[in-house]
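First up is the structure itself, then whatever we jot down about it.
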Amino acid sequence: MLLEIENLGVRYGGITALNGVSIAVAEGETVLLVGANGAGKSSTINAVIGLVTAASGRITFDGKDLGSVPCERRARLGIGYSPEGRRVFPTLTVTDNVLTGAFGLGRARQREALDWLVTVFPLLKDRAQQPAGQLSGGQQQIVALARAMCAFPRLLLLDEPFLGLAPVWIEQISSAITQLKARGTTVLMTEQMARPALKLATRGYVMRGGEVRRSGTVAEIRAVALAEEYL
Numbered sequence: 003m004l005l006e007i008e009n010l011g012v013r014y015g016g017i018t019a020l021n022g023v024s025i026a027v028a029e030g031e032t033v034l035l036v037g038a039n040g041a042g043k044s045s046t047i048n049a050v051i052g053l054v055t056a057a058s059g060r061i062t063f064d065g066k067d068l069g070s071v072p073c074e075r076r077a078r079l080g081i082g083y084s085p086e087g088r089r090v091f092p093t094l095t096v097t098d099n100v101l102t103g104a105f106g107l108g109r110a111r112q113r114e115a116l117d118w119l120v121t122v123f124p125l126l127k128d129r130a131q132q133p134a135g136q137l138s139g140g141q142q143q144i145v146a147l148a149r150a151m152c153a154f155p156r157l158l159l160l161d162e163p164f165l166g167l168a169p170v171w172i173e174q175i176s177s178a179i180t181q182l183k184a185r186g187t188t189v190l191m192t193e194q195m196a197r198p199a200l201k202l203a204t205r206g207y208v209m210r211g212g213e214v215r216r217s218g219t220v221a222e223i224r225a226v227a228l229a230e231e232y233l
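Quick note: the sequence shown uses our numbering, first residue 3, plus one each step.
Next up, the structure:
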């Protein structure tokens, strides 16, 4: 397995956010964490990238225990992250926002990544020199996703990539994820909007109350996942 999460526990003060969560992601898969708001999806993603500290359990990436690995080093290991909420650098241009995701890779690799990304997202070329803060919400989400993709990570963590977006942007982001998968990137994504996410996933985990309540192939979890969408 490329990513293994075993009996993960996360607490915020006296509040338990995750309790005994175990998830496995094989190389080349797209795995979905689905559940209502507060189910523990984002806490799981944040623990993998290192934004929160695990109170218990173990996370390994390509066989390496991440427990003592700081957040920035996890990125260098090949873990990309696109957070919930379209967090762009508002005063930087669209191009500069995207290239921050490939910082330290060298100009040739950055150019290769940018040349590919503008074919996936024409917006990146059309608005290249525009400050990202002037874009619409959907456009900012495209920039945030492109930034996470720019380093061609082995594992891409996507936290609620469809949240609050119009269908046209959901379609573009879905297409980009499919193309990134074709390049060999493994994807772990969280989403409340189960319908479009289930079209991309190979397997999934249904979360509620900080625990995994159901897991299996997309066919096996579809009914439960769609029910959770409305909770």
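Backbone N, C-alpha and C fix where the C-beta goes; we use that ideal spot for every residue, glycine too.
Practice problem: Work out the CA separation of residue 194 and residue 224 for me, nearest whole Å. | Solution: What you label residue 224 is simply residue 222 of the sequence shown in a count that begins at 1. What you label residue 194 is simply residue 192 of the sequence shown in a count that begins at 1. Answer to the nearest angstrom: the Cα atoms are 13 Å apart.
Quiz prompt | Reduced DSSP secondary structure (H/G/I, E/B, other) of residue 214 | solution = Along the sequence shown, read from residue 1 onward, the residue named residue 214 stands at position 212. Strand.
Self-check item: Unbroken stretches of the alpha helix (DSSP H), 4 residues or longer, contained in the stretch 4 to 75
Solution: 43 to 51
Self-check item: Which residues DSSP lists as bridging residue 161, in chain order
Solution: Residue mapping note: residue 161 aligns to position 159 of the sequence shown, counting from 1. DSSP output for residue 161 lists 192 as bridge partner(s).
Quiz prompt | Whole-Å CB distance - residue 190 paired with residue 165, under 8 Å assumed | solution = In the sequence shown, the residue the question calls residue 190 occupies position 188. In the sequence shown, the residue the question calls residue 165 occupies position 163. Actually they are not in contact, since the Cβ atoms of residue 190 and residue 165 sit about 16 Å apart, beyond 8 Å.
Practice problem: Would you check if the stretch 204 to 213 and the stretch 32 to 42 touch, i.e. whether three or more CB-CB distances between them fall below 8 Å? | Solution: yes
Quiz item: Buried or exposed: where does residue 131 fall if 16 or more other Cβ atoms within 10 Å of its Cβ makes it buried?
Solution: Walking along the sequence shown from the start, residue 131 turns up at place 129. Residue 131 should be labelled exposed.
Quiz item: Taking DSSP as the reference, what is the three-state secondary structure of residue 169?
Solution: If you number the sequence shown from 1, residue 169 lands on position 167. Helix.
Quiz item: Is it the case that the Cβ atoms of residue 171 and residue 143 are separated by a distance below 8 Å?
Solution: Taking the first residue of the sequence shown as 1, we reach residue 171 at position 169. Taking the first residue of the sequence shown as 1, we reach residue 143 at position 141. Contact: yes.
Quiz prompt | Nearest-angstrom Cβ-Cβ length linking residue 81 and residue 157, presumed shorter than 8 Å | solution = Here residue 81 corresponds to residue number 79 of the sequence shown, with the count starting at 1. Here residue 157 corresponds to residue number 155 of the sequence shown, with the count starting at 1. Residue 81 to residue 157, Cβ: 5 Å. Contact.
Quiz item: residue 220 to residue 106, Cα distance in whole Å?
Solution: Walking along the sequence shown from the start, residue 220 turns up at place 218. Walking along the sequence shown from the start, residue 106 turns up at place 104. Residue 220 and residue 106: Cα-Cα distance of roughly 37 Å.
Quiz prompt | When 8, 139, 208, 222 are compared against residue 38, the one with the closest alpha-carbon | solution = On the sequence shown, residue 38 is found 36 positions in, with the first residue counted as 1. Comparing Cα positions, the closest option is 208.
Quiz prompt | Closest by C-alpha distance to residue 180, when choosing among 123, 12, 214, 109 | solution = By 1-based counting over the sequence shown, the position of residue 180 is 178. Comparing Cα positions, the closest option is 123.
Quiz item: Between residue 12 and residue 57, what straight-line distance do the alpha-carbon atoms span, to the nearest angstrom?
Solution: By 1-based counting over the sequence shown, the position of residue 12 is 10. By 1-based counting over the sequence shown, the position of residue 57 is 55. Taking the straight line from one Cα to the other gives about 5 Å.
Quiz item: What are the partner residues of residue 209, as DSSP defines its beta bridges?
Solution: Translated into the one-based positions of the sequence shown, residue 209 becomes position 207. 214.
Quiz item: For residue 95, which residues of its own chain have a beta-carbon under 8 Å away from its beta-carbon, when the five flanking residues on both sides are left out?
Solution: If you number the sequence shown from 1, residue 95 lands on position 93. Here the set comprises 130, 131, 132, 133, 134.
Quiz item: From 41, 126, 199, 128, pick the residue whose C-alpha is nearest to that of residue 173; which is it?
Solution: Taking the sequence shown and counting its residues from 1, the one referred to as residue 173 is at position 171. Minimum Cα distance to residue 173 is reached at 199.
Practice problem: Identify, in the order they occur along the chain, each residue of the same chain with its Cβ nearer than 6 Å to the Cβ of residue 29, setting aside the five sequence neighbours on each side. | Solution: For the purposes of this step, residue 29 is taken as the residue at position 27 of the sequence shown. Result list for residue 29: 4, 188, in chain order.
Quiz item: When burial is assigned at 16 or more other CB atoms within 10 Å of the CB, is residue 161 buried or exposed?
Solution: Mapped onto the sequence shown, residue 161 falls at position 159. Result: buried.
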